[in-house]
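Colleague: Sequence lines, in order, name chains A and B. Mapping the first sequence onto our numbering, position 95 (from 1) lands on 84, and the numbers just tick up by one. Mapping the second sequence onto our numbering, position 128 (from 1) lands on 117, and the numbers just tick up by one. Sharing a structure, written as structure tokens. Questions coming.
Protein chains: 2
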Amino acid sequence: MLNAEILAIGSELLTPHRTDTNSLWLTERLNSVGIAVKLKTVVGDDEARMEESLRDALRRSDIIISTGGLGPTEDDITRKVFARVTGCTLTMDYDVLAEIRQRITSRGYEMTPNNERQALIPRGAMVLPNPNGTAPGIRMEQDGKLIVLLPGPPRENQPMFDDYVMPLLEKRSRGIRIATRVLKAAGIGESQLDDKIAPIYKQYSNPTTTILFTEAGVEIHLTATAESTARAEELVEELADLLEEKLENYVYSTRGESLEEVIGQRLLLRRYTIATAESCTGGLIAQRITEVPGASEYFVGSVVSYTNEMKTRLLGVEAELIEEHGAVSGIVAEAMAQGIKERTGATIGVSVTGLAGPGGGTDAVPVGTVYIGLADDVGVSNKRLVLPGDRYLIRWRASTIALEMVRRRYLL
Amino acid sequence: MLNAEILAIGSELLTPHRTDTNSLWLTERLNSVGIAVKLKTVVGDDEARMEESLRDALRRSDIIISTGGLGPTEDDITRKVFARVTGCTLTMDYDVLAEIRQRITSRGYEMTPNNERQALIPRGAMVLPNPNGTAPGIRMEQDGKLIVLLPGPPRENQPMFDDYVMPLLEKRSRGIRIATRVLKAAGIGESQLDDKIAPIYKQYSNPTTTILFTEAGVEIHLTATAESTARAEELVEELADLLEEKLENYVYSTRGESLEEVIGQRLLLRRYTIATAESCTGGLIAQRITEVPGASEYFVGSVVSYTNEMKTRLLGVEAELIEEHGAVSGIVAEAMAQGIKERTGATIGVSVTGLAGPGGGTDAVPVGTVYIGLADDVGVSNKRLVLPGDRYLIRWRASTIALEMVRRRYLL
């Protein structure tokens, strides 16, 4: 089995405010082709330390992957240190330079001498194109070792890694294959879910099962290893089917799709359209739905009515209703859902009104109280929740539960 | 200045699902007494790698702090490796053994031979009591170096560190104190910013300067060390002032506030209210504004008009205008800003219409084209941008630039 080592570069990763998260994603990708990560190092923008770390890594690991330090500023020294350690000369790559220039000027910025440094490439190394930023990646093979330098931002390094590194790793790691499956579930607590499925997955040592709690619900990660991809897939499929059957409607996705994507597919199929009326979530549900490309096929619009007056002006909720029941109430949630449905002409209106805090809670309406309304041609309904967590989590959870309500109502 | 190095021990920290977070808290504590963290390593429960990492750490750093691997199971080998590297014998500490026994039996469990291993202490080391778990910590000084082994769980290692390590560190780092400042800037590229300020910050070795690119703009991190907190503050203040002056209006925050918070403070001060009309950002701007607690004081609402029809129905944009100029145009952006201002009665209306892709681009309107509109009592204006990146980044950048336009327009 091949060993990999990850080097996260950047002084900011040695402060109390930031931590390396790139290595998690990279580890998953490496594991998927049967490569184990044996060590991770975080080093600052310090030439001597970085050089030492890189030399140590080259001595002990088959594959070395670094992230960060490829930017245009003076403290981005990864290229330089890397060239010194591998004994390569840095040379200007004029194709890369032209691309960087084009990128920068198209954004209305001026090209500076600093930007030119990003086109310095160690001789003999392969340039990894970066469509999402100016810093290209670098890939090199030396003495049977594979060295990959990636930029820091995930948006830049992830597609780069998948396009230009994974194919190579798959070739190198011949023999062991891994198959994974992620089941996503919503509307059920982590321990409740575990109670349901533990008797099943405990009977299997391959695939292994890991249960994770995320902002968008619970994820069940299954990983199977075998001598062939087909066999690994078979193993993972068998357990996934058993778990899905046991969990019934709680599972919304078995192929990694997000809740937003699942809802989108379902609405498209039924030719339904949807609109949201949001108070405490402040546009979060609309934003999540529209993160999916092509959402305009089924999402028509949203109103964020952050004050009582706006609930009346923009959604037609009667002022007396708010007066009598309070803005955070089931009746107002229903009126908001009905209002957005009527004003947009959408098939489905979803609404959220609640108290995300930190201030404003009372005994009757504590922080975390959220009402979700749902209106369609059949009728209108609401659901009350008291959600734990801080402002951020309350807003996220409310938006997830609203989306989950939509999914449940329009199960095929 | 003393250098510290942190070793996070545990194979689970080398999986895709878990990452070391102990080091963030430890870094903050170390920094507070003027000790810099120069390197962090994550190593699994692998004797050879751990031994190598510990030897390397002892060679290059004054202070070595490890977390994890002190538990009772076979794979908790930190004690053993540590004893070998420092040349100390592990001996049974009968006081510690008695405490462990008492702890375990009082919880109704049976003492196992594995538990006894936790009472093995390197000769000459100091035992750090652990009131919150069975694994005691270990502290040792050798050749002027300080080595501290802590258990993994934060609720065990944090009180232990504060009680038995911090007092020693304060003594060792006598005098040296650290002050930090974060300047945040928007509307300027990373390298353009660096060109402007490098001639200034390069003259200073104290404070040190690090520049970071984030989703919300550029951050400049300054760190000063001095014999007293007051002097460190003075040093960091001096450079911060110079940089801020040089960068003029690009700097939106000098105390770590987010762009959303800065805008909120400014609107509150002027008693202005704001509303957004969003197309391609799908509610993202509203969502960002309302992430700030108390946003209801100045944010009234938003309309997400994701189709042409909704721009007309919800915002009163004339259909002919869209027909003639296209939905992604400056004129429509202005009409949307004007429309949301009128419909909500807010002081300021901000709008975004654009094409986030991935599909739908043409030669005239390529993916990434975004128009931002701004309407207030003075008048209405728009700005055209062609943003690079994928759907996610285009939406994020558009929302940041819209917020930045608001900030610029209402500078004090």
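All C-beta atoms, glycine included, are put in the ideal place defined by N, C-alpha and C.
1. Compare the Cα-Cα distances from Met39(A) to each of Glu313(A), Gly57(A), Met(-10)(A), Ala391(A) and report the closest residue.
2. Anything in chain A within Cβ reach of Ile383(B), meaning under 9 Å, just list it in chain order.
3. Please decide whether Ile165(B) counts as near chain A, where near means a Cβ-Cβ distance under 9 Å.
4. Find the nearest neighbour of Lys69(A) within the set Gly122(A), Gln107(A), Arg144(A), Ser50(A), judged by alpha-carbon distance.
5. What does Met17(B) reach in chain A if we use C-beta pairs closer than 8 Å?
6. Hey, would you say Asn146(A) sits closer than 9 Å to Asn11(A), going by beta carbons?
7. Say whether chain A places a C-beta atom closer than 9 Å to the C-beta of Phe71(B).
8. In the DSSP assignment, what are the bridge partners of Glu(-6)(A)?
9. Name, in chain order, the residues that DSSP records as bridge partners for Phe403(B).
10. Any beta carbon of chain A sitting closer than 9 Å to that of Ser12(B)?
11. Given a cut-off of 9 Å on the beta-carbon distance, is the pair Val26(B) and Leu47(B) in contact?
12. Have a look at Gly348(A) and Glu208(B) and give me their C-alpha separation to the nearest angstrom.
13. Quick one, which residues of the segment 286 to 297 of chain B are near chain A if we go by CB-CB under 7 Å, in chain order?
14. What does Asn20(A) touch in chain B if you count any residue whose Cβ is under 7 Å from its own?
15. With 9 Å as the threshold, decide whether the Cβ of Leu28(A) is near any Cβ in chain B.
16. If distances are taken between C-alpha atoms only, which option among Lys134(A), Leu138(A), Asn121(A) comes closest to Ile127(A)?
17. Interface residues of chain B around Val32(A) at Cβ under 9 Å?
18. Along the chain, which unbroken stretches of the beta strand (DSSP E) at least 3 residues long are found entirely within the segment 124 to 198 of chain A?
19. Can you list, in chain order, the residues of its chain whose CB lies under 6 Å from that of Thr265(A), leaving out five sequence neighbours each side?
20. For Ala308(A), count neighbouring Cβ atoms within 10 angstroms of its own Cβ and tell me buried if that reaches 16, exposed if not.
21. Compare the C-beta of Glu307(A) with all C-beta atoms of chain B and state if any pair is closer than 9 Å.
22. Buried or exposed: where does Pro102(B) fall if 16 or more other Cβ atoms within 10 Å of its Cβ makes it buried?
23. Provide the residue(s) that pair with Phe202(B) in DSSP beta bridges, ordered along the chain.
24. Output, in chain order, the set of chain B residues within a Cβ distance shorter than 9 Å of Pro282(A).
25. Specify, as a first and last residue, the run of the beta strand (DSSP E) that Met100(B) falls within.
26. In the DSSP assignment, what residue or residues form a beta bridge with Asn371(B)?
27. Quick one: which chain B residues come within Cβ less than 7 Å of Thr101(A)?
28. Quick one: grab the DSSP three-state call for Ala215(A).
29. Report all residues from its chain with a CB closer than 8 Å to the CB of Val289(A); omit the five preceding and five following residues, and keep chain order.
30. Going along chain B in order, which residues have a C-beta closer than 9 Å to the C-beta of Ala275(A)?
31. Under the assumption that Val293(A) contacts Glu331(A) (Cβ atoms under 8 Å), give the Cβ distance between them as a whole number of angstroms.
32. Which same chain residues, not among the five before or five after Ala284(A), have their C-beta less than 7 Å away from its C-beta?
33. For Ala353(A), does the count of other Cβ atoms within 10 angstroms reach 16, so buried, or fall short, so exposed?
Modeller: According to the data block:
1. Closest by C-alpha distance to Met39(A), out of Glu313(A), Gly57(A), Met(-10)(A), Ala391(A), is Gly57(A).
2. The premise fails here: Ile383(B) is roughly 11 Å from chain A at the closest Cβ pair, so nothing lies under 9 Å.
3. No - not a single Cβ of chain A is within 9 Å of the one on Ile165(B).
4. Gln107(A) is the residue among Gly122(A), Gln107(A), Arg144(A), Ser50(A) whose C-alpha sits nearest the C-alpha of Lys69(A).
5. Checking the sequence, you will find Glu at residue 17(B) rather than Met. Simply Pro5.
6. In contact: Asn146(A) and Asn11(A) (Cβ atoms closer than 9 Å).
7. For Phe71(B), the answer is no, since every Cβ of chain A falls outside 9 Å of its Cβ.
8. Answer is Leu28(A), Ile53(A).
9. Chain B is shown from -10 up to 401; residue 403(B) falls before or after that span and cannot be answered.
10. Among the residues facing chain A, Ser12(B) is included, as its CB has a counterpart in that chain under 9 Å away.
11. In this structure, Leu47(B) does not lie closer than 9 Å to Val26(B) by Cβ.
12. Their backbone Cα atoms lie some 30 Å apart in a straight line.
13. From the segment 286 to 297 of chain B, only Phe288, Val289, Gly290, Ser291, Val292, Val293, Ser294, Tyr295, Thr296 have a Cβ closer than 7 Å to chain A.
14. Against chain B, the beta carbon of Asn20(A) has neighbours under 7 Å at Pro5, listed in chain order.
15. Yes, Leu28(A) counts as interfacial toward chain B.
16. Closest by alpha carbon: Leu138(A).
17. Those within 9 Å of Val32(A) in chain B are Lys27, Leu28, Lys29.
18. You should have 126 to 131, 134 to 139, 166 to 174.
19. Closer than 6 Å at Cβ, skipping near neighbours: Ile274, Ala275, Ser291, Val339.
20. By the neighbour-count rule (16 or more Cβ atoms within 10 Å), Ala308(A) is not buried but exposed.
21. No, Glu307(A) does not count as interfacial toward chain B.
22. Exposed, because fewer than 16 other Cβ atoms sit within 10 Å of the Cβ of Pro102(B).
23. Assignment of beta-bridge partners to Phe202(B) by DSSP yields Val207(B).
24. Residues of chain B passing the Cβ test: Ala345, Gly346, Pro347, Gly348, Arg380.
25. Annotation: Met100(B) is outside any beta strand (DSSP E) and is labelled neither H nor E by DSSP.
26. Partner residues in the beta bridge of Asn371(B), as assigned by DSSP, are Gly362(B).
27. Taking a Cβ-Cβ cut-off of 7 Å, the neighbours of Thr101(A) in chain B comprise Ser180, Gln181, Asp184, given in sequence order.
28. In this structure, DSSP gives Ala215(A) an extended state, which the three-state scheme calls strand.
29. If the five residues before and after Val289(A) are omitted, its C-beta is found closer than 8 Å to the C-beta atoms of Thr262, Ile263, Ala264, Thr333, Gly334, Ala335, all from its own chain and listed in chain order.
30. Going along chain B in sequence order, the residues near Ala275(A) (Cβ under 9 Å) are Glu267, Gly271, Gly272, Leu273, Ala275, Gln276, Ser291, Val293, Tyr295.
31. No, Val293(A) and Glu331(A) are not in contact; Cβ-Cβ is about 17 Å, not under 8 Å.
32. Residues of the same chain with a CB within less than 7 Å of the CB of Ala284(A), apart from the 5 flanking positions on each side, are Gly253, Ile278 in chain order.
33. It is exposed - the Cβ of Ala353(A) has fewer than 16 other Cβ atoms within 10 Å.
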